[in-house]
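Protein chains in written order, with my numbering: chain H, 48 to 748; chain C, 9 to 228; chain R, 30 to 345.
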Amino acid sequence: MDVPTPAGASRRIGKAERGDACGYDDGEGVRTGVTLLSFLLGCVASLLLLGPAGVALPRRLASAAIYPLTALVCAALGSSALAALLAGRVEDVVLPLGVPWIGAHLHLDALAAFFLTVIGFGGFVASLYAIGYARHEEEPRRVLPFYAPFIAAMALVVLAADAFTFLLAWETMSVTSWALVMAHHERPGNLLAGHVYLVVASMGTLVLLLAFGLLAGTHGHYDFTSIRLAATHRTLAWLVLLLVLVGTGSKAGLVPLHAWLPLAHPAAPSHVSGLMSGIMTKVAIYGFIRIAFDLLGAPVWWWSLPPLVVGALTAVIGLLYAIVENDLKRLLAYSTVENIGIVFLGLGLAMAFRSGGFETAAALALTASLLHVANHATFKSLLFFGAGSVLDATGERDLGRLGGLIHRMPATAVLFLIGTAAISALPPLNGFVSEWLLFQTVLTSPLLAPWLLKFLVPAAGAMLALAAALAAACFVRAYGMAFLGRPRSPQAAGANEVDVWQRLAMALLAAACLLLGVLPGLAVDALRPLLRLVLGTTLPRQATEAWLSLIPLSARAGSYNGLIVLVFMVLAGTSAALLVRTVAARRMRRAPAWDCGFPTASPTTQYTPASFAQPLSHVFGAMAFDTAETVAMPPPGGLGPARFSLRSRDRIWELLYRRLALVVERIATRLNRLQFLTIRKYLSLVFAALVLLLVLLALWQ
Amino acid sequence: MSRLDFDVAHLLAGLMVLVSFLMLYQDRLYSLLNTFALHALALALAVAWQAQIQDAPHLYITAAIALLFKAMIIPYALHRLIQRLGIHREVEPVAGLGITMVLGLALVALSISVMLPVTAAAGTLAREDLAFALSVVLLGLLMMITRRNAVSQVVGFMSLENGLILAATGARGMPLVVEISVAFSILIAFIVIGIFLFRIRERFDTVDVAALDRFRGDRR
Amino acid sequence: MIGPYIVQGVQMCLVLVAAPLLTGLVRKAKARLQRRRGADVLQPYRDLLRLIRKETVIAENASWLFRVAPYLIFAATWVAAALVPTFATFLPFSWAADLIAIVGLLATARFFLSLAGLDIGTSFGGIGASREVMIAAVAEPAMLMIVFTLALHAHATQLSTIAQALGLPAVGVQVSLALVLVALILVALAENARIPVDNPATHLELTMVHEAMVLEYSGRHLAMIELATMLKLLLYISLIGTVFVPFGLARQGAPIAAYAWGMLFYAAKLAAGGVLLAISESAIAKMRVFRVPQFLGAALMLGFLATLLLFVARGS
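Shown next, in the form of structure tokens:
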């Protein structure tokens, strides 16, 4: 099956703009009378309606009804979006809503369909998980009214095709997620989280607003079609790119705009944390791709520098934070920062290759990034749900008070393990596939002409490898502390396995991790219409390769086959186990731990999260956190305790955020005087402003 | 020029860059001096090879000077100096090793990306020689600014000078007179610095240049 | 038609059979260098057999992960080792994983080994696991830079293609390849827990890394882990041999004699690698744990420098 593509493939915009959603009929591949776009809009509308329904329904019924309904609608949304992606469909509609002379432009293409698939699938699994998780929710009415509209807003951002609708949906997404973050505002720290989130989100929207203003130019065309057609000036486009990077990066969590993310994501209920980390950050990435790749047109090589450099730094710095973090959910949030960095690195590479005219390499980079988007959505949701289950079972998020959960929560332990292995980029799971593709892209970098890129890309590749290795370290620590060893608190010792719905949701995600890892060729093929849309070229078909292996460029250059690797590993492992079992003595005895002859009963003698992280923070911490370790040993023969203290400062927080806050406060104090002026002074201010504007107008002409 | 000629020249010049890095990596003064001797040896070999392939016999003299003075006499003299002065044998770096290494790599990348496009018209050999030479010069400067100890600053300075000689030989031979004068100026610089070291030592009982700053009242 | 698959099968079995022999050889050579007589080179086989036949004792709170991990580690390492070309290139499954995927498979093995170290909840397991991940965090970027330079030379990450490209006489004298070789040796020493990074022959030492993680293992589980360790050593020596001494490798569809030659060359490469390892281990001392990042940082630096020099050599 090849994708039917209309002529002029790279820049396809539906020319027929009709005012009626239902009257639109594409005529190609439509089975029912309803086009996909209007069906998707129906899904969005019903999700929006599910919000008020959560308040209207009786308290007892609300949770039990809303989450299954949301799951159904999300499943419909995701599967129809997937169908649209595979078919490479393009549909447009203009609704007579919003600002009168703009209307609400909505547009479905492969790019939107891909992200809608991610949103639909993520929303579906999160809702499934919530069916079980929300039974313990003390205040369901603080969550329910915002939950489904939050998903709807994310879908709407992706479908929007004019600046006004886009920003409206974007703000709705921010505000609903803010409300979800504040659901438990009585807990310590959550107020701060909400406050910081609100500030960063407003800043991000403001910056995006400016970016769209620049894009619209003096003519003021705010729909994407006109923006695309009106060529933006080079320097202006560069400014727009920076603004978009800041605007979407603040939502996605690029360093140094990440500070809100580890505060806000964990504060929300766990299914919402999964959505925010797994899905909402992806919507931000969608925004970047839509504007930087689609609306801005062909890039110049140095445009690729900001996403490349910031992405590489974000990947490493995010993990350095994650490695020393003791709170399980915050650790996951920091690791989200890392993964966003990886995605942006890939996007930067795609821009670099595209500017050099290497369309295939650009397609490879974009594929790697988008695959990582899908992969991260699966394993990060899985991990947040796992963390939620741990929270459910023990009431603890602190790694230092967990331990031994593998005995008490066997199913969660297996599923969480799959998630950690996937996020640590281990073959044959999905995290490895996207990183492998990204490495392959990095290896094609000598093609690039600018010397700076020639050197920067390998350096970014080394950062990527560092991030992958640090991710493995971070998740060995997280899993080892939470699930392995002996319980470090009575709560952990008395944990119980979670509800069947929660396990089902996690099992679905774990299966997705394995499937995407073993059959990556199918996922890469699914992205081909998208590549043709955005870059005007595609990768060779993977599904026709022998044994379904992944061969991005040529078989001699490099190939990977997750399926064969998995089969070989299973065969090798089981045959070894069977052989050993037939040859070996089958006796097995349980005995106290050996521990070099000094086993101690107390679980406090185990390695703690802090001690596990010590070597890594010793090696990397000095750069990132300005750490200083001091050890005070008692004199020889003394019986006093030895003391170890670790001081670390978050440089980004202190240098950027705190200073910024100080400056704002200082300005605010100055401006405070304006509140106590006489009427004459107010009038003179107004008069001065008027004159100034008139002077400006005169100068302008 | 055959392929082998080019490859060996590349190997020797690349070796000099590598040894410059090794000098940044050392944390003992004696091993630093030994590495510097290696650097000079690499220079001598590189220059001798240039003499061979360019058919320029006067370059052999340059190579011999490098071998005699820089690879033997100066390291030996500095060894003696350290012994007699009883200087601390640690190199006292200003920044961490990792940061210094990253800076060094960035400098090499910079010099390559500056030199190669600019010299596009020149022959391959001269181009890469210039790129490597600039790297060696920059690494020498880096060494001078990231070390507190005056001896290691001297060594950094001399490795920088090695880079200059590499550049000069790559560019189709420089006159012997210039060459000898450069060599002597280095020798004189070495002597001056040696005397200078003695003076610092007598006054302040250390060769940490921070002591000078303190004396000037520059202490931060 | 079936021929290549037989060769692939032979290779899989060959690495498995040769791995203990290599370890035995290294131990023997080390013992001779220390003027000891040393155990027989076949001793590792006997050790493994004895371990397998012994009763397995596991700690009271060991979970299923502890019992599954040895097989998983063994499987991942074996698959990785079987995918490195040893005596022949372009085997039928060689395209299933390139060099990056082989590194990934080893990372999988290490991941589960560190988890197994943490499973019992003893302090030694924690020490080992935490140091292992620290070493890996520096070794993996260095390995990637090595892969990058090799890929620049060969325009491929496929090991067979790399071996073929580096076997051509046109390669000549390349300083970047020399740097990569040194870097790869440094990484290999760290990854295999050899001196100067870790001491494979010691227990009860606070500086140990690998042995601390497997401290709680016994019987057949320990046998699996030991075999995986031996396979890993073989893998790295084969890798160095294939990439830097790419001679005597049989091509696909070559006559039987070529395969026999390939085997002979491979045996010679392994023996040479093993003896050199023994010599270096006898000559140098183990370093402090916190010197290891500097040691591997040097490998990273060399890898990057090799890339830079290669760009210069290409002039573009």
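Cβ atoms here follow ideal geometry from the backbone N, Cα and C, with glycine treated the same way.
Bear in mind that the values here come from a model prediction, so they are computed numbers and not experimental data.
Going by beta carbon distance, what residues of the same chain come within less than 8 Å of residue i, once the five residues before and after it are set aside?
i               : result
F333 of chain R : M174
P681 of chain H : G687, P688 and A689
Strictly below 8 Å CB to CB, what residues from chain C border residue i?
i               : result
A669 of chain H : G104
G201 of chain R : R11, L12 and D15
Show which residues of chain R have a CB atom less than 8 Å away from the CB atom of residue i.
i               : result
K501 of chain H : F340
Y654 of chain H : L147, S152, G154, G155, I156, A158 and S159
L113 of chain C : M330, F333, L334 and L337
A139 of chain C : V341
G451 of chain H : N90 and G150
V116 of chain C : L334 and L337
Might you give, ordered along the chain, the residues of its own chain that have their beta carbon closer than 6 Å to the beta carbon of residue i, omitting 5 neighbours on each side?
i               : result
V216 of chain R : A168, A171, M172 and A328
V247 of chain H : S297 and W307
I156 of chain R : A241
R249 of chain R : I81 and T85
Report, in whole angstroms, the separation of the C-beta atoms of residue i and residue j, which I expect to be a contact under 8 Å.
i               : j               : result
D270 of chain H : P313 of chain H : Between P313 of chain H and D270 of chain H the Cβ distance is about 38 Å, and since that is not below 8 Å, they are no contact.
P238 of chain R : A212 of chain R : The sequence as given places Val at residue 238 of chain R; Pro does not occur at that position. Not really, about 20 Å apart at Cβ, beyond 8 Å.
N170 of chain C : H47 of chain C  : 6 Å
L147 of chain C : G112 of chain C : 6 Å
L378 of chain H : A369 of chain H : 5 Å
Kindly list, in the order they appear in chain H, the residues whose Cβ is closer than 8 Å to that of residue i.
i               : result
T137 of chain R : A468, L473 and P474
I87 of chain R  : M635, R636, R637 and A638
Can you list the residues of chain R that residue i reaches, using a CB-CB cut of under 9 Å?
i               : result
L29 of chain C  : The residue asked about is misnamed: residue 29 of chain C is Phe in this sequence, not Leu. Per Cβ cutoff of 9 Å: A327, M330, L331 and L334.
M24 of chain C  : Chain R residues near M24 of chain C: none, gap ~10 Å exceeds 9 Å.
D642 of chain H : A88, I149, T151, S152, F153, G154, L244 and E245
What in chain R is Cβ-close to residue i, meaning under 7 Å?
i               : result
H665 of chain H : F319
D63 of chain C  : The contacting residues do not exist; D63 of chain C stays about 21 Å from chain R at best.
V144 of chain C : Those do not exist, as V144 of chain C stays about 13 Å from chain R at its closest Cβ, beyond 7 Å.
R603 of chain H : A185, Q187 and T190
Can you pull the chain H residues whose beta carbon is under 9 Å from the beta carbon of residue i, in chain order?
i               : result
K83 of chain R  : A631, A632 and R634
L124 of chain C : W498
Could you tell me which chain C residues have their CB closer than 9 Å to the CB of residue i, listed as they occur along the chain?
i               : result
L173 of chain R : Within 9 Å Cβ-Cβ: nothing; L173 of chain R doesn't reach chain C, min ~15 Å.
L208 of chain R : G22 and L26
Can you list, in chain order, the residues of its chain with a C-beta nearer than 7 Å to that of residue i? Leave out the 5 residues immediately preceding and following it.
i               : result
G447 of chain H : N373, R535, T655 and P656
A415 of chain H : G393, S481, L484, L485 and T488
D13 of chain C  : I61
P115 of chain H : I178
F319 of chain R : none
L331 of chain R : L208, V211 and A212
M201 of chain H : I166, M220, I326, M327 and V330
Run through chain C and tell me which residues come within less than 7 Å of residue i, C-beta to C-beta.
i               : result
V204 of chain R : H18, L19, G22 and L23
Using a cut-off of 7 Å between C-beta atoms, extract the partners of residue i located in chain H.
i               : result
A129 of chain C : Within chain H, no residue comes near A129 of chain C; the closest Cβ sits about 17 Å away, beyond 7 Å.
| Okay, do the segment 411-428 of chain H and the segment 513-524 of chain H touch, 3+ Cβ pairs below 8 Å being the bar? | Between the segment 411-428 of chain H and the segment 513-524 of chain H there are fewer than three inter-stretch CB-CB distances shorter than 8 Å, so the stretches are not counted as touching.
| request: Inspect the CB distances between the segment 82-102 of chain H and the segment 186-201 of chain H and report whether three or more fall short of 8 Å. | output: Taking a cut-off of 8 Å for Cβ pairs, the segment 82-102 of chain H and the segment 186-201 of chain H touch, as three or more such pairs fall below it.
| field | Contact the segment 346-355 of chain H vs the segment 395-402 of chain H: 3+ CB pairs below 8 Å | value | With the cut-off at 8 Å, the segment 346-355 of chain H and the segment 395-402 of chain H touch.
| field | contact_flag[the segment 77-95 of chain R, the segment 625-642 of chain H] where n(CB pairs < 8 Å) is 3 or more | value | Yes, the segment 77-95 of chain R is in contact with the segment 625-642 of chain H.
| query | What are the residues of the segment 491-515 of chain H that lie near chain C, defined by any Cβ-Cβ distance shorter than 7 Å? | reply | Within the segment 491-515 of chain H, the qualifying residues are W498, L499 and F502.
| said: Check whether the segment 172-186 of chain H and the segment 547-561 of chain H are in contact - that is, three or more C-beta pairs closer than 8 Å. | reply: With a cut-off of 8 Å, the segment 547-561 of chain H and the segment 172-186 of chain H count as touching, because enough Cβ pairs lie within range.
| request: With 7 Å as the limit, tell me which residues of the segment 317-338 of chain R have their beta carbon closer than that to any beta carbon of chain C; keep them in chain order. | output: For the segment 317-338 of chain R, the residues whose beta carbon sits under 7 Å from a beta carbon of chain C are, in order, Q323, G326, A327, M330, F333, L334, L337 and L338.
| Meets three-Cβ-pair contact criterion under 8 Å: the segment 571-589 of chain H and the segment 100-115 of chain R | The answer is no - the segment 100-115 of chain R does not touch the segment 571-589 of chain H, with fewer than three Cβ pairs under 8 Å.
| field | Contact the segment 249-264 of chain R vs the segment 34-54 of chain R: 3+ CB pairs below 8 Å | value | Yes: the two stretches touch, three or more of their Cβ pairs being nearer than 8 Å.
| request: Would you check if the segment 190-206 of chain R and the segment 273-280 of chain R touch, i.e. whether three or more CB-CB distances between them fall below 8 Å? | output: The way I'd put it, the segment 273-280 of chain R does touch the segment 190-206 of chain R; three or more beta-carbon pairs between them come closer than 8 Å.
| query | Using 8 Å as the Cβ pair cut-off and three pairs as the minimum, do the segment 283-297 of chain H and the segment 254-263 of chain H touch? | reply | Contact holds: three or more Cβ-Cβ distances are below 8 Å.
| said: Which residues of the segment 97-115 of chain H have a Cβ closer than 7 Å to any Cβ of chain R? Give them in chain order. | reply: Correct list: empty, as no residue qualifies.
| said: Tell me which residues of the segment 276-309 of chain H have at least one Cβ-Cβ distance to chain R shorter than 8 Å, keeping chain order. | reply: Cβ contacts with chain R: none found.
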